[in-house]
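Visitor:
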Amino acid sequence: MEKDFFIFVSTLAERLKGIRDYRTADAYMSTSRSVARFAGGQMGMPALFRESLIKDYEYYLWQSGCSRNTISFYMRMLQSIYNQAVKAGHVPREESLFAGVFKGRDDTRKRAVDFDVLARLRGADLSLYRSLQACRDYFLLSFYLCGIPFVDLAFLRRADYVRGTISYRRRKTNTQIVTSVTPLAAEILERYGSKDELSFYLMPILKKKDGNDWKAYQSALRLYNKNLKSLSALLKLDVPLTSYVPRHTWATLARQVGVPVTYISSILGHSSEEMTHIYLDSIDGHILAEANRRVMDAFGKYMKVK
1 MEKDFFIFVS
11 TLAERLKGIR
21 DYRTADAYMS
31 TSRSVARFAG
41 GQMGMPALFR
51 ESLIKDYEYY
61 LWQSGCSRNT
71 ISFYMRMLQS
81 IYNQAVKAGH
91 VPREESLFAG
101 VFKGRDDTRK
111 RAVDFDVLAR
121 LRGADLSLYR
131 SLQACRDYFL
141 LSFYLCGIPF
151 VDLAFLRRAD
161 YVRGTISYRR
171 RKTNTQIVTS
181 VTPLAAEILE
191 RYGSKDELSF
201 YLMPILKKKD
211 GNDWKAYQSA
221 LRLYNKNLKS
231 LSALLKLDVP
241 LTSYVPRHTW
251 ATLARQVGVP
261 VTYISSILGH
271 SSEEMTHIYL
281 DSIDGHILAE
291 ANRRVMDAFG
301 KYMKVK
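In the UniProt record's numbering, the protein residues as written are 1 to 306.
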């Protein structure tokens with residue numbers, strides 16, 4: 001009896017959750033839901049994994065208004081699921097199955113802001129907008145900590161912050177990052193950082209209701225981006241703020257103040273210099289501290305002139 005695609009993906013996702021790879025599990029399930037919208041009902045894997053049907057699915061995504069990068073995401077995830085199905089013996093390997101579909105990446109518009117926007121954010125009176133105030137502070141903290149991704153900020157442990165230094169592993173790449181805490185960052189950490197010695201996490205970002213940290217993070221990320229959108233509208237910013245902007249901004253400004261690209265790559269935890277150029281165009285602790293000092297000094301000088 002041939003294996004049903006949707007049951008197989010669900011099994012894969014549960015297995016991934018068991019090893020705490022929630023990101024891939026979510027990506028697989030998102031792809032499964034997309035395929036379900038395309039094909040409906042049950043579908044055996046031999047029926048799905050045919051070159052003609054893969055092309056039909058790609059065309060369906062185009063017709064649905066998906067961007068090229070979204071189509072690439074679904075195709076790469078579907079190919080990954082296919083590889084797992086081959087390993088499990090559910091379908092034979094066909095080398096050319098995904099050869100004719102788009103799996104690349106289009107350059108997206110730049111998502112960095114300049115010192116002027118950062119200064120406006122820092123100086124904005126948001127006392128009447130408590131949720132936006134916290135959102136603004138998390139955004140700036142991410143920038144102050146060398147563009148720490150929101151996922152890593154949310155999962156920072158109290159034990160990661162010791163004597164003016166934050167040390168953590170990037171959840172995406174498992175790269176070890178050691179960041180010195182500047183006065184601007186320390187100010188926000190003091191305001192929001194947990195004082196409860198029994199608290200596991202440093203920041204009050206994860207609001208757990210069922211004990212599932214990853215679900216709590218996804219909920220927090222949605223709220224964060226929603227509030228950033230509202231903040232952009234409130235301050236009439238030309239560049240809409242998202243959770244990615246602090247990271248792109250730090251990389252762009254670091255390059256502008258003379259930090260070498262190879263250092264920026266190390267600091268951001270990238271596996272290649274090519275990935276860093278994506279941030280710029282759209283190590284050790286001493287190197288990181290010096291790089292961040294240059295960026296923060298330049299920001300401080302701008303604030304004084306302002």
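A virtual CB, placed ideally from N, CA and C, is assigned to each residue, including glycine.
Please read all numbers here as calculations on a predicted model, not as lab measurements.
Taking the alpha-carbon positions, what's the residue 49 to residue 301 distance?
Guide: 58 Å
Visitor: Tell me whether the region 134-147 and the region 246-253 touch, counting them as touching only if at least three CB pairs, one residue from each stretch, are closer than 8 Å.
Guide: yes
Visitor: Would you say residue 43 and residue 8 are within 8 Å of each other, going by their C-beta atoms?
Guide: no
Visitor: Who are the Cβ neighbours of residue 60 in its own chain at under 6 Å, not counting the five residues just before and after it?
Guide: Listed in chain order, the non-local C-beta contacts of residue 60 below 6 Å within the same chain comprise 38, local neighbours out to five positions each way being set aside.
Visitor: Just checking my contact of residue 206 with residue 124 at CB under 8 Å: how many whole Å lie between their CB atoms?
Guide: No, residue 206 and residue 124 are not in contact; Cβ-Cβ is about 26 Å, not under 8 Å.
Visitor: Can the beta-carbon of residue 231 be found less than 8 Å from the beta-carbon of residue 122?
Guide: no
Visitor: Secondary structure at residue 125, three-state DSSP: helix, strand or coil?
Guide: coil
Visitor: How many angstroms separate the CA atom of residue 126 from the CA atom of residue 235?
Guide: 10 Å
Visitor: Can you tell me which of the three DSSP states residue 152 falls into?
Guide: helix
Visitor: Assign residue 166 to one of two classes, buried (16 or more other C-beta atoms within 10 Å of its C-beta) or exposed (fewer than that).
Guide: Residue environment for residue 166: buried (at least 16 other C-beta atoms within 10 angstroms of its C-beta).
Visitor: Quickly, what does DSSP pair residue 162 with across the bridge? List them, please.
Guide: 165
Visitor: By Cβ distance, which residues of its chain are closer than 7 Å to residue 24, with the 5 residues on each side in sequence left out?
Guide: 16
Visitor: Who are the near neighbours of residue 227 in its chain, counting only those whose CB is closer than 7 Å to its CB and skipping five residues on each side?
Guide: 131, 132, 135
Visitor: How many Å lie between residue 113 and residue 40 at the Cα?
Guide: 43 Å
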